[in-house]
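*Asks:* In this note's numbering, the protein residues as written are 457 to 731. C-beta atoms are modelled at their ideal positions from N, C-alpha and C, and glycine is treated no differently. Right, I'll just put the structure down here and ask away after.
Pasting the structure below:
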């Protein structure tokens, strides 16, 4: 590898290493940051990174020589939720929801204000709720199917002795059962949608408050800047006024001197004529 390419590789990997260590950012974001700094496409930076990483792994002595710790670039196993962690999360969030505490607030408390972990906990809880709703729906559907089968069998057994009005009554009851199950499922879905909408609305309010504070800060800065500009304009006007007065005074002196010289010249001319 040429010296120029070695230097480029060293610069890139050391920057990524420092970016991950100092800013606690992800590998992908660190690579994108390098791409912005070097003014190259992000996909090109990623391709160059993975190609160079393979070279460094094959040449560990060179990596060690330029101060790159390959352990920092090893793929880390994703820590999965165990059964107890999932049960604790589900129970804690549900208990806090009864107290009026949102899913987001609970996950933020459980993550000790770690935004990345909070988001992971929140997504895990929502996935568990969706999965639970699917399991409940399967059980309810199974119950309803069993009811339908039972009614059909009963109809077949009693078909010879049952009247048309009784058959109609049985099917009307079946329709009511199916309708009730559909309404309950719809209510559960609506409740989840309302909960998510409320959380999104709260987050929107927080974002708007932050933007409002930022606008106030910008307004104060503009106000201060306008005041400075006004003061500078007043100083410039005063300076121009002083310069104008000085110029007028100088012009008056010059005019007076010219007048005196002209008057003296005329007097001398008269004297010469007399002589």
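1) State the start and end residues of the unbroken alpha helix (DSSP H) segment that holds residue 472.
2) For residue 537, I'd like the list of residues in its chain whose CB is within less than 8 Å of its CB, leaving aside the five on either flank, ordered along the chain.
3) For the pair the stretch 640 to 656 and the stretch 555 to 571, tell me if three or more CB-CB distances fall below 8 Å.
4) Given a threshold of 16 other Cβ atoms within 10 Å of its Cβ, counted over all protein chains shown, does residue 661 qualify as buried or as exposed?
5) Residues in its own chain within less than 6 Å of residue 708 by CB, not counting five upstream and five downstream?
6) Buried or exposed for residue 645, going by 16 or more other Cβ atoms inside 10 Å?
7) Consult DSSP for residue 555 and reduce its assignment to one of helix, strand or coil.
8) So, with DSSP's three-state summary, where would you put residue 567?
9) What residue from 565, 528, 636 has the CA that sits closest to residue 471's CA?
10) Helix, strand or coil for residue 537? Go by DSSP, reduced to three states.
11) On a CA-only basis, which of 685, 497, 461 is nearest residue 522? Give me that one, please.
12) From residue 533 to residue 514, what does the alpha carbon distance come to, in whole angstroms?
13) Can you name, in chain order, every residue of its own chain whose Cβ lies under 8 Å from the Cβ of residue 487, other than the five neighbours on each side?
14) Mapping the DSSP letters down to three states, classify residue 562 as helix, strand or coil.
15) Note the first and the last residue of the continuous alpha helix (DSSP H) segment covering residue 518.
16) Please list the terminal residues of the continuous alpha helix (DSSP H) segment that includes residue 484.
17) Alpha carbon to alpha carbon, what distance is there between residue 643 and residue 578?
18) Rounded to whole angstroms, what's the CA-CA distance from residue 507 to residue 478? Just pull it up for me.
19) Assign residue 710 to one of three DSSP states: helix, strand, or coil.
*Replies:* Here's the rundown:
1) Numbered from 1 along the chain shown, position 16 holds the residue referred to as residue 472. Unbroken alpha helix (DSSP H) run through residue 472: 459 to 479.
2) By one-based count along the chain shown, residue 537 stands at place 81. If we look at residue 537 and ignore the five residues flanking it on each side, its Cβ neighbours are 545, 580.
3) yes
4) The residue labelled residue 661 in the question sits at position 205 within the chain shown. It counts as exposed.
5) Start at 1 with the first residue of the chain shown, and residue 708 comes out as number 252. Cβ neighbours of residue 708 beyond the five flanking positions: none.
6) Taking the first residue of the chain shown as 1, we reach residue 645 at position 189. That one is exposed.
7) Position 99 of the chain shown, counting from 1, holds the residue named residue 555. Coil at residue 555, not helix or strand.
8) Taking the first residue of the chain shown as position 1, residue 567 is located at position 111. Residue 567 falls in the coil class under three-state DSSP.
9) Residue mapping note: residue 471 aligns to position 15 of the chain shown, counting from 1. Cα-wise, what sits closest to residue 471 is 528.
10) Within the chain shown, the letter at position 81 stands for residue 537. DSSP places residue 537 in coil when its eight states are reduced to three.
11) One-based indexing of the chain shown puts residue 522 at position 66. The shortest C-alpha separation from residue 522 is found at 461.
12) As a working note, residue 533 is residue 77 in the chain shown. As a working note, residue 514 is residue 58 in the chain shown. Interpretation of residue 533 is limited by its pLDDT of 46, a score under 50 that renders its predicted location unreliable; no figure is taken from the coordinates.
13) Position 31 of the chain shown, counted from the first residue, corresponds to residue 487. Contacts found: 472, 498, 501, 502, 505.
14) What you label residue 562 is simply residue 106 of the chain shown in a count that begins at 1. Three-state DSSP puts residue 562 in a helix.
15) In the chain shown, the residue the question calls residue 518 occupies position 62. 516 to 521 is the span of the alpha helix (DSSP H), which, as asked, contains residue 518.
16) The residue labelled residue 484 in the question sits at position 28 within the chain shown. Unbroken alpha helix (DSSP H) run through residue 484: 483 to 494.
17) Against the chain shown, residue 578 aligns to sequence position 122. Against the chain shown, residue 643 aligns to sequence position 187. Going by the C-alpha atoms only, they are around 22 Å apart.
18) Mapped onto the chain shown, residue 507 falls at position 51. Mapped onto the chain shown, residue 478 falls at position 22. Roughly 25 Å between the two C-alpha positions.
19) One-based indexing of the chain shown puts residue 710 at position 254. DSSP places residue 710 in helix when its eight states are reduced to three.
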